[in-house]
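A short write-up of the structure that comes next.
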DNA sequence: ATGGGCACCTGGCTGC
DNA sequence: TGCAGCCAGGTGCCCA
């Protein structure tokens, strides 16, 4: 599922419902996620106040009084705000019930998502400490992109999806940013000029920002905290458009495999 | 240091 | 109708 825009949309959607609330109960219905949910997590979370919610890369971080809860939506996860008594559905994994009578409900068919506790500084956590800077924060620009790709022989598309180089960009937005920058996904990362890196940094930011404005992209499973799909799919230029005409020049969009993932591009607009 | 490939899952679709 | 095969928004880990 979820790349940065979908996680950010979820984060903004749940924030007004969770900030300041007390955790009435953490009910784990199915602990089998990417890592099993720790058995003592419910006891630990219960009664703590939720001080705020944030995002780092594709992780959601709930700040509690005595630590953080770290959530990942994996490929197919979604987090919704529902009345506590709402009937459960298949693949509902846990409920973070609040004193307001509402619950944060996590559903994840493919079970690549996760829920874990962090004690101490989240930035020092093993899953977070090696992450690259945020693409929507100052400092992510052409110079940064140019510098970190100098010794990279991998394709630029794979470099964009490497969370040690750039965070938040997954399979959809990597293809889309490269289209908007006019750069072929198969180019060696180190072959990009400063100008191309500047263009690409701009389109990465642009495509993520615009997607957030449209509530993200829904292909199959993703829904926001309110249960609504994202509408950015209608704005996609290349992703899942193989064989269809390019929306800029009419040339047929091509699909190829890169690192076991599908990549889409326009052979005329991108070089 | 870098990069390739696999693993973890379920479900939906295609084609025989 | 059934079933095999393939594909899907992520990413940690092992190996070369």
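In our numbering, the protein residues as written are 113 to 383.
From the three backbone atoms N, C-alpha and C, an ideal C-beta is built for every residue, glycine too.
Three-way DSSP call (helix, strand, coil) for residue i in this model
i, result
"residue 348", "coil"
"residue 245", "coil"
"residue 163", "strand"
"residue 326", "coil"
"residue 205", "strand"
"residue 320", "helix"
"residue 354", "coil"
"residue 230", "strand"
"residue 374", "strand"
"residue 366", "strand"
"residue 199", "coil"
"residue 300", "strand"
"residue 311", "helix"
Given residue i as reference, the closest of the options once Cα atoms are compared
i, options, result
"residue 381", "296, 326, 370", "296"
"residue 237", "181, 190, 322", "181"
"residue 281", "369, 243, 264, 294", "243"
"residue 239", "148, 275, 157", "275"
"residue 337", "355, 143, 159, 189", "189"
"residue 346", "340, 328, 163", "328"
"residue 75", "318, 372, 379, 210", "Outside the modelled stretch of the chain, which goes from 113 to 383, sits residue 75, for which no answer is possible."
"residue 303", "195, 260, 291, 289", "260"
"residue 122", "289, 251, 193, 344", "193"
"residue 352", "284, 290, 159, 144", "284"
Separation of residue j from residue i, as counted between CA atoms
i, j, result
"residue 325", "residue 342", "9 angstroms"
"residue 213", "residue 170", "28 angstroms"
"residue 131", "residue 191", "15 angstroms"
"residue 115", "residue 129", "22 angstroms"
"residue 315", "residue 149", "37 angstroms"
"residue 265", "residue 272", "13 angstroms"
"residue 257", "residue 310", "8 angstroms"
"residue 262", "residue 248", "22 angstroms"
"residue 137", "residue 332", "30 angstroms"
"residue 183", "residue 334", "15 angstroms"
"residue 362", "residue 173", "43 angstroms"
"residue 268", "residue 168", "23 angstroms"
"residue 287", "residue 323", "14 angstroms"
"residue 357", "residue 176", "49 angstroms"
"residue 151", "residue 231", "16 angstroms"
"residue 186", "residue 255", "30 angstroms"
"residue 164", "residue 234", "14 angstroms"
"residue 227", "residue 199", "22 angstroms"
"residue 126", "residue 340", "13 angstroms"
"residue 139", "residue 219", "13 angstroms"
"residue 372", "residue 202", "29 angstroms"
"residue 161", "residue 223", "27 angstroms"
"residue 225", "residue 154", "18 angstroms"
"residue 313", "residue 134", "40 angstroms"
"residue 250", "residue 197", "43 angstroms"
"residue 367", "residue 348", "14 angstroms"
"residue 375", "residue 305", "22 angstroms"
"residue 157", "residue 210", "11 angstroms"
"residue 278", "residue 330", "22 angstroms"
"residue 117", "residue 317", "11 angstroms"
First through last residue of the beta strand (DSSP E) which encompasses residue i
i, result
"residue 195", "190 to 195"
"residue 383", "Segment: none, residue 383 is in no beta strand (DSSP E) and carries neither H nor E."
"residue 184", "179 to 184"
"residue 173", "171 to 176"
"residue 265", "Element bounds for residue 265: n/a, residue is neither H nor E."
"residue 138", "135 to 140"
Heavy atom of the ligand ADP within 6 angstroms of residue i beta-carbon
i, result
"residue 231", "As far as ligands go, the structure on display features none, and thus does not contain the ligand ADP."
Enclosing alpha helix (DSSP H) for residue i [first to last residue]
i, result
"residue 126", "116 to 130"
"residue 261", "254 to 261"
"residue 214", "Where residue 214 is concerned, there is no enclosing alpha helix (DSSP H), although the beta strand (DSSP E) it sits in stretches over 214 to 219."
"residue 289", "283 to 293"
"residue 156", "153 to 157"
Burial state of residue i (16 or more Cβ within 10 Å)
i, result
"residue 217", "buried"
"residue 205", "buried"
"residue 195", "exposed"
"residue 120", "buried"
"residue 360", "exposed"
"residue 300", "exposed"
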